[in-house]
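S.K.:
Chains as they are written, first to last, in the UniProt record's numbering: chain A, 1 to 353; chain B, 1 to 353.
#1: Alpha carbon to alpha carbon, what distance is there between residue 275(A) and residue 160(A)?
#2: Buried or exposed: which applies to residue 25(B), given that a residue is buried once 16 or more other Cβ atoms fall within 10 Å of its Cβ?
#3: Where residue 263(A) and residue 257(A) are concerned, what is the direct C-alpha to C-alpha distance, given to the nearest angstrom?
#4: Can you give me the Cβ contacts of residue 351(A) inside the same chain, cut-off strictly under 7 Å, excluding the 5 residues immediately before and after it?
#5: Would residue 148(B) and residue 307(A) qualify as a contact pair, given that the criterion is a beta-carbon distance under 8 Å?
#6: Counting only C-beta atoms, is residue 238(A) closer than 8 Å to chain B at any point?
#7: Which residue wins for smallest C-alpha separation from residue 216(A), given the options 189(A), 225(A) and 240(A)?
#8: Is the segment 334-341 of chain A close to the segment 184-198 of chain B, with three or more CB pairs under 8 Å?
#9: Which residues of chain B have a Cβ atom closer than 8 Å to the Cβ of residue 316(A), listed in chain order?
#10: Does residue 66(A) pass the burial test, meaning 16 or more other C-beta atoms within 10 Å, or should it be called exposed?
#11: Are there three or more Cβ pairs, one per stretch, closer than 8 Å when the segment 227-241 of chain B is compared with the segment 35-47 of chain B?
#12: If distances are taken between C-alpha atoms only, which option among 52(B), 93(B) and 95(B) comes closest to residue 85(B)?
#13: In the DSSP assignment, find the beta strand (DSSP E) that holds residue 288(A) and state where it starts and stops.
#14: Could you pull out every unbroken alpha helix (DSSP H) segment of at least 4 residues lying fully inside the segment 178-255 of chain A, listed in chain order?
#15: Against residue 148(B), what residues of chain A qualify as contacts under a CB-to-CB distance less than 7 Å, listed in chain order?
#16: Using a Cβ-Cβ cut-off of 8 Å, state whether residue 110(B) counts as contacting chain D.
#17: Which residues in chain B have a C-beta closer than 7 Å to the C-beta of residue 256(A)? List them in chain order.
#18: Taking 8 Å as the threshold, find out whether the segment 101-109 of chain B comes into contact with the segment 290-299 of chain B through three or more Cβ pairs.
#19: If you follow the alpha helix (DSSP H) that residue 100(A) is in, where does it begin and where does it stop?
#20: Shorter than 8 Å from the beta carbon of residue 245(B) to some beta carbon of chain A?
#21: Checking 8 Å against the spacing of the C-beta atoms, do residue 400(B) and residue 218(B) come in under that value?
#22: Using the C-alpha atoms, what's the distance from residue 196(B) back to residue 126(B)?
#23: Output the boundary residues of the beta strand (DSSP E) element that contains residue 73(B).
#24: In chain order, what residues of the same chain lie with their CB nearer than 8 Å to the CB of residue 265(B), ignoring the 5 residues before and after it?
#25: For residue 6(B), which of helix, strand or coil comes out of DSSP?
#26: Is DSSP giving residue 50(A) helix, strand or coil here?
#27: Hey, would you say residue 3(A) sits closer than 8 Å to residue 335(A), going by beta carbons?
#28: Mind checking which residues open and close the beta strand (DSSP E) that includes residue 281(A)?
#29: Just mark residue 64(A) as buried or exposed, buried being the case when its beta carbon has 16 or more other beta carbons within 10 Å.
#30: Who are the near neighbours of residue 77(B) in its chain, counting only those whose CB is closer than 6 Å to its CB and skipping five residues on each side?
#31: Does the separation of the CB atoms of residue 226(A) and residue 205(A) fall below 8 Å?
#32: Whose Cβ in chain B lies nearer than 8 Å to the Cβ of residue 75(A)?
#33: Should residue 251(A) be flagged as near chain B, meaning a C-beta pair shorter than 8 Å?
#34: Is the beta carbon of residue 98(B) less than 8 Å from the beta carbon of residue 279(B)?
#35: What's the gap between the Cα of residue 71(A) and the Cα of residue 248(A)?
#36: With a threshold of 8 Å between beta carbons, is residue 173(A) in contact with chain B?
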């Protein structure tokens, strides 16, 4: 079934209001969450609403958090998310980074005591409107084995970087530091198809194309897969350290799981999960017009490269932007299973889809 | 043949003095260059000395540059390398980043008008002594095809991040954003062995295991190789933009080639090649002792993970640190071809190896 953006917005906002989010927070959480559906990252959008509600039911989400700065310097801050939705904590922390960038050129904020924040790209794009480069990272539930490890010690730990351009659309890179995000495994499970090589390993560390490998005690592999997972392992580690060791959140195997049926560690090493945000004013380096003209040249040079037959060279962010332009007009298709989940959540609170 | 570090140091420093480097610069360039040999990154060490000398002979390196800040805010700067050796420009630019971090928590420096800077890891490690996290990136000669491209538009564009620990050795990640660095192809060429899949493509964009693929008009592939090169492409692009579009250096296909027999573009879009450096004071987020204790816990947790039989889980930087400890004691082995090259360079200036 296909729903208009405004239908899904009204429904989602009402559900967030129902669990006790203040009006402004409910609107913000909805915008953050639905940015994933608009951009075609269906695994991170409204399909997860039921997951957030279950975490709230389990007492693991504070619907009305007091998000605040606990420590700061002119260019840095630590933000305490007070156990709130990452969907709300994230944009509020990024506002702090943007403000600091306005004052001293750049702002860098490490966040503790938060929860899953949706897609990293949404957060990284917030500084664009201020002619700033945006950076966003988060750690996540441990599903990934470092190179040669049998233990799952990292999450899919995404990195997103957004860069403003002039005439050209902005550059927006948003990637998990694994070969594939867990959502892609779930799709293969539903379809009953094997995984490409390099995505996953079994519980005893053997390469696997079984879509259920991770479910059965195996692990996702860091970016680089079979031939060079040490680079993805290093990138995922950097995200974990910047997001959690800097802020005082949980890191590595202690990151609280997103699913409510798995308990967080009884001996946490920090508070909640962690994010890391950055904003850099372009004109803290060179005049913004000059920078944007060169970004336009960079983008058109890459876009117009000679390509493999039948293909074209894309700029990071192109597919998601095209998807968003399409879905805002023609609506957002949801799988029947997702619609059923949403109707179930709606029924709890007397909210109709 | 094996040489002691001090033998190679004296020789290299004398060569840099001979091309006109001031004494302090010659020492600094030598330390930067030889850090690669010590750490086992033989492709980026003294083997390249002849390459730097050839670039100087071609009039493309200024041996006595006036490296200076051309623009700054409290947390940012643009540094003009004045056409100098990246081996000298890099550490001088990082000093600016460290100074700014001391004042406002973090410092971020984009560099133009520079040349090849050796290994990224050396630069990223400079802030460690100040209890700061270090970040270093550089763009490089275009040898890499973006996803689906036949054209070579990016360099191997490395990213390095160094994080201080307490009792444990520091965390030092240093990686090309390609599946493999070009140096590894050169090794396969010498040995006459095929490449692993996902390293390279032919001139018409077909996957190739031919060690001469890049020489014959093909290209290196971004990290992720055959199954997901769009992520490596995005990472390499971020490095290019931060290093060159922010600073006013050349980017993409305009980056000047390292080899003297290839001419730089007649229509450059900027000056020289570009780097990007960052320094973040750990105590701009939380007390340094607290941070380091958690880094120790992070490192020992990962190092002690259950491993695939016969393997162990390494921390980024482990292999290079062990190699350096070994080579500082037992000397640095050089291939005969490298020794011959060095003797040739030495003969030009009356310097004995």
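Where is the CB? At the ideal position from N, CA and C, for every residue including glycine. This structure is a prediction, so every number in the text was calculated from the model and none was measured.
M.R.: Concretely, from the data shown:
#1: In a straight line, the C-alpha of residue 160(A) is about 12 Å away from that of residue 275(A).
#2: The residue is buried, with at least 16 neighbouring Cβ atoms inside 10 Å.
#3: One Cα belongs to residue 263(A), the other to residue 257(A), and the distance between them is close to 7 Å.
#4: So the qualifying residues of the chain are 11, 14, 15 and 18.
#5: It is a contact, given that the beta carbons lie within the stated cut-off.
#6: Residue 238(A) counts as touching chain B.
#7: Of the listed residues, the one whose Cα sits closest to residue 216(A) is 189(A).
#8: Proximity of the segment 334-341 of chain A to the segment 184-198 of chain B falls short of the contact definition, fewer than three beta-carbon pairs being nearer than 8 Å.
#9: Close to residue 316(A), with beta-carbon spacing below 8 Å, are these residues of chain B in chain order: 230, 233, 234 and 237.
#10: Counting of Cβ neighbours within 10 angstroms places residue 66(A) among the exposed residues, the total staying below 16.
#11: With a cut-off of 8 Å, the segment 35-47 of chain B and the segment 227-241 of chain B do not count as touching, because too few Cβ pairs lie within range.
#12: Comparing Cα-Cα distances from residue 85(B) to each of 52(B), 93(B) and 95(B), the minimum goes to 52(B).
#13: Boundaries around residue 288(A) are those of the alpha helix (DSSP H), 288-303, since no beta strand (DSSP E) includes it.
#14: DSSP runs (the alpha helix (DSSP H)) wholly in the segment 178-255 of chain A: 182-191 and 225-240.
#15: Within chain A, the residues near residue 148(B) are 307, 308, 311, 312 and 313.
#16: Here chain D cannot be found, since the structure's protein chains are A and B.
#17: Scanning chain B for C-beta atoms nearer than 7 Å to the C-beta of residue 256(A) yields nothing, as the closest lies near 16 Å away.
#18: The segment 101-109 of chain B makes no contact with the segment 290-299 of chain B; the number of CB pairs closer than 8 Å stays below 3.
#19: Residues 86-104.
#20: Taking 8 Å as the threshold, the shortest C-beta distance from residue 245(B) to chain A falls below it.
#21: For chain B, the structure presents residues 1 to 353; residue 400(B) sits outside this window and is missing.
#22: Pairing residue 126(B) with residue 196(B), the inter-Cα distance amounts to about 34 Å.
#23: Residues 68-73.
#24: Contacts found: 250, 253, 254 and 256.
#25: DSSP places residue 6(B) within a helical segment (H, G or I) once states are collapsed to three.
#26: Helix, per DSSP.
#27: The answer is no: Cβ separation not under 8 Å.
#28: Per DSSP, residue 281(A) belongs to the beta strand (DSSP E) from 273-281.
#29: Taking all protein chains shown into account, residue 64(A) has fewer than 16 neighbouring C-beta atoms within 10 Å of its C-beta and is therefore exposed.
#30: Answer for residue 77(B): 69, 96 and 109, listed in chain order.
#31: No.
#32: Under the 8 Å cutoff, chain B gives 74, 75, 104, 105, 106 and 284.
#33: At least one chain B Cβ lies under 8 Å of residue 251(A).
#34: Contact check for residue 98(B) against residue 279(B) passes: the beta carbons are separated by less than 8 Å.
#35: If I take the Cα positions, the gap works out to 12 Å.
#36: It does: the Cβ of residue 173(A) has a partner Cβ on chain B nearer than 8 Å.
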